[in-house]
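Novice: The structure under discussion is supplied below as structure tokens; questions concerning it will follow.
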Amino acid sequence: MDFSHPPHVSEIAHRVRRFVDEEVIPLEDFKSSGSISDAALRNLRQKAKAAGLWAPQLPPDLGGMGLSLSEIVPVFEAAGRSHLGPLALNCAAPDEGNMHLLQLFTNGQQRERYLKPLAAGEIHSAFAMTEPAPGAGSDPTMLLTRAERDGEDWIINGHKWFTSGGEGAGFYLIMARTDSDLPAHKGSTIFIAPAGMPGIEVVRNVPIMGFDDFGGHCEMKFHDLRLPASAVLGEVGQGFALTQARLGPARLTHCMRWTGIAQRALEIATQYAAERDAFGKHLNEHQAVQWMLADSALELHAGRLMMQQAAWLLEQGQHAREESSMCKVHAAETVNRVLDRAIQICGGKGISRDLPLSSWYEAARAFRIYDGASEVHRMVIARGVIKRHSAG
Ligand SMILES: Cc1cc2nc3c(=O)[nH]c(=O)nc-3n(C[C@H](O)[C@H](O)[C@H](O)COP(=O)(O)OP(=O)(O)OC[C@H]3O[C@@H](n4cnc5c(N)ncnc54)[C@H](O)[C@@H]3O)c2cc1C
6 MDFSHPPHVS EIAHRVRRFV DEEVIPLEDF KSSGSISDAA LRNLRQKAKA AGLWAPQLPP
66 DLGGMGLSLS EIVPVFEAAG RSHLGPLALN CAAPDEGNMH LLQLFTNGQQ RERYLKPLAA
126 GEIHSAFAMT EPAPGAGSDP TMLLTRAERD GEDWIINGHK WFTSGGEGAG FYLIMARTDS
186 DLPAHKGSTI FIAPAGMPGI EVVRNVPIMG FDDFGGHCEM KFHDLRLPAS AVLGEVGQGF
246 ALTQARLGPA RLTHCMRWTG IAQRALEIAT QYAAERDAFG KHLNEHQAVQ WMLADSALEL
306 HAGRLMMQQA AWLLEQGQHA REESSMCKVH AAETVNRVLD RAIQICGGKG ISRDLPLSSW
366 YEAARAFRIY DGASEVHRMV IARGVIKRHS AG
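Now the structure itself:
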């Protein structure tokens, strides 16, 4: 078993890290919204393209670097050392997951109209699945948004929220029920709706804890939104299958990016502990501090191995549902613990906005909820455990 990355992958990860250190981190501003202006992002993206670091996950014919899922593990971690890094390289959520979905399922016309400008960073996108109660949340089969046929067209009505990137998106991927007689997982469809169509209402950018994410997390309503048959992504009734194809790898890429932030938090804490004294010695000479550093390092190490293995399984064509769920639970909870420990080690400074830790700590809390709450992933893992036990 060879655990080393191919030399070209290590070299790219190294270059991404240097780019993030030199070009991205200086733009971080945790004393205000933590976000970045459109103009600054455009400028940063031009620099990433000029440095040959654009879209590591996309194939060259879409302008990307052509790395496989297992190859992007260290590269996305390097980009994720700043929450602005993935945006700069066009590998941030939700666009990165949406591009993957479109790559798999668009027809020629949809590829030209939506995927190519998204891959080029000319527009951003949003995926509208979650609904306020009593609609789809942890249980997506509770989907209430409806699409009904009207001649060749579809008419969509529904209420969504937490549509990330919803503000200013170039298009929306909308999950809707297309056949109420079938179970939801067979009777749902994803539609692509260009922004600005009559019937699309961005109600508000839902205020959340943590910094302002690019494009926000929006509450949306669709009122008699009329879309042609060509707006269907894949085939009618395939919505859940398509979503699974999107979410498997997208869960892993979330873990990769968040590992970057957690690793940087560990480094910040390690630096502070090396410089700060208490009770006649450096903090890093106190065993309680050493154990916090050690626990963070070992949990991050385990997470990297889990991601690498799950990515490998997905590349072999396996669903890796349990392994992806294990990664998601482990990474989400590790990141929260690593940030918590880093703040503890940095004391008052850790709470201040002089360091990024407190902003990341607020933002990381959502990681245990989006793309499946930890409890839901544990449910998936436990189902496998119980099934194998019953099978003897
Ligand atoms: C920052 C952020 C960005 C998001 N971006 C998007 C997006 O772009 N597109 C999109 O469609 N959605 C998005 N979401 C929504 C996200 O996917 C949902 O919040 C998540 O799936 C949980 O659904 P819910 O909020 O409706 O929670 P609910 O379904 O109401 O569940 C609430 C809680 O119940 C518990 N629970 C649920 N099921 C079980 C179970 N089986 N066993 C034990 N406990 C359980 C969990 O603790 C869960 O947190 C985003 C959410 C956040 C916070």
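Counting in our numbering, the sequence shown runs from 6 upward without gaps.
Yeah, the Cβ is synthetic: ideal placement off N, Cα and C, and Gly gets one too.
Just so we're clear, the structure is a prediction, and the values are computed from it rather than from any experiment.
In angstroms, rounded to a whole number, what distance separates the CA positions of A55 and G220?
Specialist: Counted from its first residue, the sequence shown places residue 55 at position 50. Counted from its first residue, the sequence shown places residue 220 at position 215. Cα to Cα, A55 sits roughly 25 Å from G220.
Novice: Between Q349 and M297, which are expected to be in contact by the criterion C-beta below 8 Å, what is the C-beta distance as a whole number of angstroms?
Specialist: Indexing the sequence shown from 1 puts residue 349 at position 344. Indexing the sequence shown from 1 puts residue 297 at position 292. The pair is a contact, with the Cβ atoms about 7 Å apart (cut-off 8 Å).
Novice: Flag this pair as touching only if the region 70–79 and the region 40–51 have three or more C-beta atom pairs under 8 Å; answer yes or no.
Specialist: Because the criterion of three Cβ pairs below 8 Å is not met, the region 70–79 and the region 40–51 do not touch.
Novice: Per DSSP, which residues does F216 bridge with? Please list them.
Specialist: Mapped onto the sequence shown, residue 216 falls at position 211. Bridge partners of F216: none, in fact.
Novice: Can you tell me whether I287 sits near ligand 1, meaning its C-beta is under 7 Å from at least one heavy atom of the ligand?
Specialist: Counting from 1 along the sequence shown, the entry for residue 287 is found at position 282. Reading off the sequence shown, one finds His at residue 287, where the question assumed Ile. No - ligand 1 has no heavy atom lying nearer than 7 Å to the Cβ of H287.
Novice: Taking 8 Å as the threshold, find out whether the region 243–260 comes into contact with the region 210–218 through three or more Cβ pairs.
Specialist: These segments do not touch.
Novice: Is G377 near ligand 1, judged by its Cβ being under 7 Å from some heavy atom?
Specialist: The residue given as residue 377 occupies position 372 in the sequence shown. G377: yes, Cβ under 7 Å from ligand 1.
Novice: Is the beta carbon of P145 sitting closer than 8 Å to the one on H164?
Specialist: By one-based count along the sequence shown, residue 145 stands at place 140. By one-based count along the sequence shown, residue 164 stands at place 159. It is not a contact, given that the beta carbons lie outside the stated cut-off.
Novice: From the DSSP output, which residues share a beta bridge with D282?
Specialist: Sequence index remark: in the sequence shown, residue 282 carries index 277 (1-based). The partner list for D282 (beta bridge, DSSP) reads H287.
Novice: Go ahead and pull the three-state DSSP assignment for G401.
Specialist: Only positions 6 to 397 of the chain appear in the structure, and residue 401 is not among them; the question remains open.
Novice: Could you tell me if the beta carbon of F167 falls within a distance shorter than 7 Å of some heavy atom in ligand 3?
Specialist: As far as ligands go, the structure on display features ligand 1 and does not contain ligand 3.
Novice: Please say whether A274 and A198 have beta carbons closer to each other than 8 Å?
Specialist: Counted from its first residue, the sequence shown places residue 198 at position 193. Counted from its first residue, the sequence shown places residue 274 at position 269. No, they are not a contact pair.
Novice: Would you identify the three-state DSSP class for S193, choosing helix, strand or coil?
Specialist: Working through the sequence shown from its first residue, we reach residue 193 at position 188. Reduced to three states, the DSSP call for S193 is strand.
Novice: Starting from H10, trace the alpha helix (DSSP H) both ways and give me its first and last residue.
Specialist: Here residue 10 is taken as the residue at index 5 of the sequence shown, counted from 1. Per DSSP, H10 belongs to no alpha helix (DSSP H) and is neither H nor E.
Novice: Using alpha carbons as the reference points, say which of A387, R358 and E338 lies closest to A371.
Specialist: The sequence position of residue 371 within the sequence shown is 366, counting from 1. Taking only the C-alpha atoms, the option nearest A371 is E338.
Novice: Please list the terminal residues of the continuous alpha helix (DSSP H) segment that includes C223.
Specialist: Position 218 of the sequence shown holds residue 223. No alpha helix (DSSP H) holds C223; the beta strand (DSSP E) holding it covers H222 to L232.
Novice: Where does K286 land, buried or exposed, given buried means 16+ other C-beta within 10 angstroms?
Specialist: Here residue 286 refers to the residue found at position 281 when the sequence shown is read from its first residue. The residue is exposed, with fewer than 16 neighbouring Cβ atoms inside 10 Å.
Novice: Around the Cβ of Q51, are there at least 16 other Cβ atoms within 10 angstroms (buried) or fewer (exposed)?
Specialist: For the purposes of this step, residue 51 is identified with residue 46 of the sequence shown, where counting begins at 1. Classification for Q51: exposed.
Novice: Rounding to the nearest angstrom, what Cα-Cα distance links P31 and L148 in this structure?
Specialist: Counting from 1 along the sequence shown, the entry for residue 31 is found at position 26. Counting from 1 along the sequence shown, the entry for residue 148 is found at position 143. In a straight line, the C-alpha of P31 is about 43 Å away from that of L148.
Novice: Pair every Cβ in the region 105–124 with every Cβ in the region 181–194, then say whether three or more of these pairs are closer than 8 Å.
Specialist: No: the two stretches stay apart, fewer than three of their Cβ pairs being nearer than 8 Å.
Novice: Can you tell me which of L58, R151 and A53 puts its alpha carbon nearest to the alpha carbon of H13?
Specialist: To locate residue 13, count along the sequence shown from 1; it is residue 8. Checking every option, the nearest Cα to that of H13 belongs to L58.
Novice: Using the Cα positions of T184 and A236, report the straight-line distance between them to the nearest angstrom.
Specialist: Start at 1 with the first residue of the sequence shown, and residue 184 comes out as number 179. Start at 1 with the first residue of the sequence shown, and residue 236 comes out as number 231. Checking the displayed sequence, the identity of residue 184 turns out to be Asp instead of Thr. So the two alpha carbons sit approximately 17 Å from each other.
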